[in-house]
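K.L.:
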Amino acid sequence: MNLRNIKTNTVFNMEEEENWLNKENIKCPNCKKELQICDHSPFEHSYTMYCSLCPKRVDIGLYEPVYDDIKNYKELPYKDLMIEFENRLEHCDCGGKYKLNSKRRCLHCSYPLELKEEQNVWLAEYWKEFDNEEDEERIEKKMSTFIISPKWKK
Ligand SMILES: [Zn+2]
Ligand SMILES: [Zn+2]
Numbered sequence: 032m033n034l035r036n037i038k039t040n041t042v043f044n045m046e047e048e049e050n051w052l053n054k055e056n057i058k059c060p061n062c063k064k065e066l067q068i069c070d071h072s073p074f075e076h077s078y079t080m081y082c083s084l085c086p087k088r089v090d091i092g093l094y095e096p097v098y099d100d101i102k103n104y105k106e107l108p109y110k111d112l113m114i115e116f117e118n119r120l121e122h123c124d125c126g127g128k129y130k131l132n133s134k135r136r137c138l139h140c141s142y143p144l145e146l147k148e149e150q151n152v153w154l155a156e157y158w159k160e161f162d163n164e165e166d167e168e169r170i171e172k173k174m175s176t177f178i179i180s181p182k183w184k185k
């Protein structure tokens, strides 16, 4: 199957290109625990904003009510749309602000990581094949504490 990345106009063949999201395991420079980094899939129909102070991030899907409040959002350039989101999102529980370009942080100790704009950080076990469902559920539950549904300012 071929998929075209609409942003870069490159085509991936998903069978040939096994690691097309550039998955890579790294160790946090601070706590030394393992993390997995991976590019944000260009085919995922969502935008991600990162807390300025903690490892939480919000995923903004295409059916958020906020689109109704943004004038001419379909014509807005990408950067301007991102600024609209930043201004309209409630702050994180920790007091931080969700922004497009906040540093990604270690999921274990919150240490700020030097990653590229398109890179996301996951628990190292997240994509592992699990032998039992309990482990899989545990990791998914833990991961879901870092991925927050957007709350919009009234
Ligand atoms: Zn760490
Ligand atoms: Zn936060």
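Residue numbers (my numbering): 32 to 185. Backbone N, C-alpha and C fix where the C-beta goes; we use that ideal spot for every residue, glycine too.
Which one of 118, 108, 140 has the shortest CA to CA distance from residue 63?
P.N.:
Numbered from its first residue, the sequence shown carries residue 63 at position 32. Selected option, being the one with the closest Cα: 140.
K.L.:
Sorted by chain position, which residues of the same chain lie with C-beta nearer than 7 Å to residue 72's C-beta, five sequence neighbours on each side aside?
P.N.:
By 1-based counting over the sequence shown, the position of residue 72 is 41. Here the set comprises 52.
K.L.:
According to DSSP, residue 92 sits in a beta bridge with which residue or residues?
P.N.:
Here residue 92 corresponds to residue number 61 of the sequence shown, with the count starting at 1. DSSP output for residue 92 lists 77 as bridge partner(s).
K.L.:
Using 8 Å for Cβ pairs, my map puts residue 130 next to residue 80. What's the rounded Cβ distance?
P.N.:
Here residue 130 is taken as the residue at index 99 of the sequence shown, counted from 1. Here residue 80 is taken as the residue at index 49 of the sequence shown, counted from 1. The pair is a contact, with the Cβ atoms about 6 Å apart (cut-off 8 Å).
K.L.:
Taking residue 87 and residue 59 to be in contact with their CB atoms under 8 Å, please state how far apart those CB atoms are, rounded to whole angstroms.
P.N.:
Here the question's residue 87 lines up with position 56 in the sequence shown. Here the question's residue 59 lines up with position 28 in the sequence shown. That pair is no contact at about 16 Å.
K.L.:
Run the CB neighbour count on residue 108, radius 10 Å, all protein chains shown included, and call it buried at 16 or more, exposed below.
P.N.:
For this step, residue 108 is matched to residue 77 along the sequence shown. The residue in question, residue 108, is exposed, as its Cβ has fewer than 16 Cβ neighbours within 10 Å.
K.L.:
Please indicate yes or no: does the CB of residue 128 lie closer than 6 Å to some heavy atom of ligand 2?
P.N.:
Within the sequence shown, residue 128 is the residue found at index 97, counting from 1. No.
K.L.:
Below 8 Å, can you find three or more Cβ-Cβ pairs linking the stretch 113 to 120 to the stretch 93 to 103?
P.N.:
yes
K.L.:
Inspect the beta-carbon positions of residue 183 and residue 136 and report whether they are closer than 7 Å.
P.N.:
Indexing the sequence shown from 1 puts residue 183 at position 152. Indexing the sequence shown from 1 puts residue 136 at position 105. Going by C-beta atoms, residue 183 is not nearer than 7 Å to residue 136.
K.L.:
Is the CB-CB distance between residue 83 and residue 128 below 7 Å?
P.N.:
Against the sequence shown, residue 83 aligns to sequence position 52. Against the sequence shown, residue 128 aligns to sequence position 97. A contact, by the Cβ cut-off of 7 Å.
K.L.:
Buried or exposed: residue 181, going by 16 or more other Cβ atoms within 10 Å of its Cβ?
P.N.:
As a first step, residue 181 is located in the sequence shown; it is residue number 150 there, counting from the start. Buried, since its Cβ has 16 or more Cβ neighbours within 10 Å.
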